Structure formats: C-alpha cells, structure tokens
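Numbering (the numbering used here), first residue to last: 187 to 397.
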C-alpha cells in the first residue's frame, strides 16, 4: 500500500470519527474512554492536536515538560477546553491533511485514529470502527519496529503468533493469539478489555505482560 492509499484511509477514518463525535450527547463527551488518563472529549482533542500544534512547538513542549507523554497529556487537556462543535469542525476540516509524525510513517496517524475511535466507541456501546482495509494496515504497522515509538511496548508481541479471524492476516511465531482485527490491535496497544475477544494459548501470556 503506497502513501496515497494510506492517506485516503486516514481521510475516511477522520470523517468517520467526526461523524461519531458529532452525534454524541453532552454526557457522553464526559465519559471515560479506554485510555485511563483521557475522557471522550480528551480523545477528540488529541486527534486534532497535529492541526493545532506544530512539530517544533510539540518538541519544545516535550523538552520543557519532561517528556513526550507528559506534554501530550497537558496539551490535549488544553485543547479539550475548546467547544465540542469546534473540535469536531477542526477534525472534519483537516480530514485530507497528510501529517506524518517524525520517524513513524503515514500509517501511524491511521493507527492513532483507528485505535482511539474504538477507545471512544467501545465504552459508549457504539459500533463505529475502522474499515477492514484500515485495520489490515494498522496490524501491519503494529508488528513493525516503528510501532515501538509510542504505540506498542517493547517485547509485548514477542513469542506470539497473531491471527485475525475476520481478515486474511497473520504475523509472528509462537503461541497463538486469534480474534477480530480490531481486538488484536487494541490488545497489541495495551487495551486489556480486548483480551476477552481473543482466543488461543497466547492470550494468558499476553495478559500477563505490561501494557
């Protein structure tokens, strides 16, 4: 898949996420997401971060704040103070933007979108999820070395064979972890709730590893 195809998937997933956010009730915006540090509103704010904070500004903020994660949380909560209608509008208006985080490649923002959309949709009981093509690209990225830069904890995937039951996709060798592509991606990125959707002798191994 070349970069233009990936960016087309990114645009579609941004619009899908914007549609989901636009349909939320006031109380849903304040609900806890699958990310322990963020509410649904925080997740939406995080997704517009690349359009509101330049890379140089983000890097400088990370240095001054003591790390990328610390600054990301701080910046996200600041953006989350904007009206929800504005957050949705910014996400939709920038659907076609071809932003790529340094050193990760174009599938990184697609992965961020696909996983964070489920971080919101799953606890709210919504069916919104990325397309099969997007999930396939996400899985390919998550098993690559680049995913260790902020997506997958080092060593989390080692010694396991990953197999999607809804796509013709597999990777790795060892004890098997099988399930829907979405559940595999969520489990790879540390969402323990997805373990219940998986099967295979590798699931207990995965469950015992740090997220």
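Positions of the beta carbon are idealized from the N, C-alpha and C atoms, including for glycine. As the structure is a computational prediction, the values presented were derived from the model and not from experiment.
Check                                                                                                                                                                               : Outcome
Return the CA-CA distance between residue 215 and residue 227, expressed in angstroms with no decimal places.                                                                       : 5 Å
Counting only runs that start and end within the region 332 to 379, where is the beta strand (DSSP E) found for 3 or more residues in a row?                                        : 346 to 350, 355 to 358 and 361 to 365
Can you tell me whether DSSP reads residue 267 as helix, strand or coil?                                                                                                            : coil
Look at the Cβ atom of residue 192, then the Cβ atom of residue 296, and state whether they are nearer than 8 Å.                                                                    : yes
Near residue 221, what residues of its chain come up, given a Cβ to Cβ distance below 7 Å and the 5 sequence neighbours on each side ignored?                                       : 229 and 305
Measuring straight from C-alpha to C-alpha, what distance separates residue 203 and residue 303?                                                                                    : 6 Å
On the CB-based measure, 16 or more other CB atoms within 10 Å of its CB, does residue 354 come out buried or exposed?                                                              : exposed
Output the distance between the C-alpha atoms of residue 364 and residue 331, rounded to the nearest integer angstrom.                                                              : 21 Å
Give me, in chain order, the residues of the same chain whose beta-carbon lies closer than 7 Å to that of residue 338; leave out the 5 immediate sequence neighbours on both sides. : 328, 374 and 375
Which residue comes first and which comes last in the alpha helix (DSSP H) that contains residue 305?                                                                               : 293 to 310
Does the pairing of the region 258 to 278 with the region 196 to 213 give three or more beta-carbon distances under 8 Å?                                                            : yes
Once DSSP output is grouped into helix, strand and coil, what is the label at residue 330?                                                                                          : coil
By Cβ distance, which residues of its chain are closer than 8 Å to residue 361, with the 5 residues on each side in sequence left out?                                              : 345, 346, 347, 386, 387, 388 and 391
How about residue 320 and residue 300: do their beta carbons lie closer than 8 Å?                                                                                                   : yes
Do residue 324 and residue 286 have their C-beta atoms within less than 8 Å of each other?                                                                                          : no
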